[in-house]
Amino acid sequence: LEFFSGISSGHVENNFSIQYYFSFLTWLMLGSGLIFQLPVVSLLLSAIGLLTPPFMRHYRRHSIIVIMVLSSFITPPDPISMLIMAFPLILLYELSIGVSWMVNRNKT
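Taken in order, the sequence shown gives residues -8 to 99; the numbers are from the working numbering.
Structure, rendered in structure tokens:
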């Protein structure tokens, strides 16, 4: 940190704060925790009959587009960051299809 603060210009003020860091870390953990609950929500909705694998497979393309758009808003404006954010979410969606299939397979 000392190195980076030494090479800055006089017009830029460094604003390092542990409060900002922990706030960022807290929001990051809460957001990740909520996103990784997608398979659990899929399990519950499939168990009560509101979500079926054919429905999820039919709207797979729509879901991928929504995931990509949300990832582009959340991340910095470069495609690599967007893909790094979107790829795990797409995998979670596919996992949710598998979870829904397993729940509905056991029902019949």
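Glycine included, C-beta positions come from ideal geometry on N, C-alpha and C.
| Item | Value |
| --- | --- |
| I need the DSSP call for G40, collapsed to helix, strand or coil. | coil |
| How about N95 and P44: do their beta carbons lie closer than 8 Å? | yes |
| If I measure Cβ to Cβ from V90 and keep anything under 8 Å in the same chain, skipping five residues before and after, which residues do I get? | P30, S33, L34, S37 |
| Here's the rule: buried if 16 or more other CB atoms are within 10 angstroms of the residue's CB, otherwise exposed. What is L16? | exposed |
| Check whether the segment 77 to 84 touches the segment 55 to 62, counting contact only when three or more Cβ pairs, one atom from each stretch, lie closer than 8 Å. | yes |
| With the cut-off set at 8 Å, would you say R48 and I9 are in Cβ contact? | no |
| Is the beta carbon of I26 sitting closer than 8 Å to the one on L83? | yes |
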